Every structure is written in C-alpha cells, then in structure tokens.
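When you line the sequence shown up against the numbering used here, it's residues 209 to 302, in that order.
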Amino acid sequence: MHPLIETHRDELKALALRFRVRSIKVFGSMARDDGDESSDVDLLVEAEPGTSGFVLGEMQMEAQDLLGRPVDLVTPAALHPLVRARVLDEARSL
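So this is what it looks like as structure tokens:
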C-alpha cells in the first residue's frame, strides 16, 4: 500500500466511522503502491443502511482535504460490471 495511505490510515478509519461507513478499502494505484504525486486515491466504501449520497459526498471532500489530492469514493453497488471483479480483488482494507 502507498505510504500516503499508511500515514493516514487511522484518520481515514476515523473519518469512516464519523460518516457511518462500516467498510473502507483502497484500490487502484494506491493499493498497488505504484501511485505517484499526481495519482488520485480510490476508496471503496460500504455505508450503513440509510446513509445518503450527500453524506458520502461530504466524506469524499474531507478525505480529499486530509490527503491533499483527489479522492474517488465508490460503493460496491456503483461499480461497473466490467471492472467490478478486478476492483473487488485488488481492494485492500484499511
């Protein structure tokens, strides 16, 4: 996992708790540790039932502020069928 994620692991987990997210995983270049300073952060999240997209949008903005780079936040249900298996396979729990 990329050092940026390792450095902020506890803060990201605390953020997830605040926003009713029961599972947070990183995937993409940050999970493979081949991201560079221009790479975004891809987060796969499973929220508690009833958590709105607005709340997840707030979490995304706070994660971007924390990490200092763009964050893509996606739920398993929103994954495109063509990439779903790959994302689920490479996703790493925080």
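Glycine is no exception: its CB is placed at the ideal position from the N, C-alpha and C atoms. Please read these numbers as outputs of a predicted model, since none were measured by experiment.
- Beta-bridge partners of Glu-270 (DSSP): none assigned.
- By the Cβ test, the stretch 249 to 266 is in contact with the stretch 221 to 241, since at least three Cβ pairs between them sit closer than 8 angstroms.
- Beta-bridge analysis with DSSP links Lys-233 to Leu-252, Ser-301.
- For Thr-283, the closest alpha carbon among the candidates Met-269, Lys-233, Arg-217 is that of Lys-233.
- Residue burial is scored here from C-beta neighbours: Leu-225 has fewer than 16 other C-beta atoms within 10 angstroms and is therefore classed as exposed.
- Apart from the 5 residues on each side of it in sequence, Arg-228 sits with its Cβ closer than 6 angstroms to the Cβ of Ala-255, Glu-256, Thr-259 in its chain, given in chain order.
- Distances from the alpha-carbon of Glu-219 to those of Glu-245, Asp-273, Phe-262, Met-209 put Asp-273 closest.
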